[in-house]
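**Q**
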Amino acid sequence: MKLIKNGHNALFGPDANINRDSIQLFMQNNNGYEEFISFNDSTKTIDLFIGNQLKYVLRIDNIRTDTIIGSTVVSGTGQCGCSSYQFSNVKMNGQIICQDGCDEIIEVQL
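Mapping the sequence shown onto the working numbering, position 14 (from 1) lands on 15, and the numbers just tick up by one.
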């Protein structure tokens, strides 16, 4: 995800106005435990690691709170017999924000 405010990256670069500590991800049923967020300096984005059909709450500063749910499908099986998965879609606040693998960067307007 790329966080955009007033046409600029809100988290990276000279116009940044949000710090990394103000972004939190929680599983909805486990509000006391903060999930891992990866800050990618090369793409100037954040990566969220979410499980299949679990509800997460993403809090960005005191600006917004969003609910995120991802759905996955089996994309292959390795020699070990273990399955690989990819997202069939991810929803934010009930609206689909990506489909079919979700490899693209999603811009979130703050």
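Cβ coordinates follow ideal geometry from the N, Cα and C atoms, glycine included.
Which of the three DSSP states, helix, strand or coil, is assigned to G16?
**A** Residue mapping note: residue 16 aligns to position 15 of the sequence shown, counting from 1. Sequence check: residue 16 is Asp here, not Gly. Three-state DSSP puts D16 in coil, outside helix and strand.
**Q** Between L111 and R65, which are expected to be in contact by the criterion C-beta below 8 angstroms, what is the C-beta distance as a whole number of angstroms?
**A** Locating residue 111 in the sequence shown gives position 110, counting from the first residue. Locating residue 65 in the sequence shown gives position 64, counting from the first residue. Yes, L111 and R65 are in contact; Cβ-Cβ is about 6 angstroms, under 8 angstroms.
**Q** Measuring only the C-alpha atoms, how far is V74 from S85?
**A** As a first step, residue 74 is located in the sequence shown; it is residue number 73 there, counting from the start. As a first step, residue 85 is located in the sequence shown; it is residue number 84 there, counting from the start. If I take the Cα positions, the gap works out to 8 angstroms.
**Q** Starting from the C-beta of G79, find all residues in its chain whose C-beta is less than 8 angstroms away, skip the five residues before and the five after it, and write them out in chain order.
**A** Stepping through the sequence shown from its first residue, residue 79 is reached at position 78. These residues qualify, in order along the chain: S85.
**Q** Thinking just about the alpha-carbon of each residue, which of M93, Q87 and Q96 is nearest to the one in C115?
**A** Any answer about residue 115 is impossible in this case: the structure gives the chain only from 2 up to 111.
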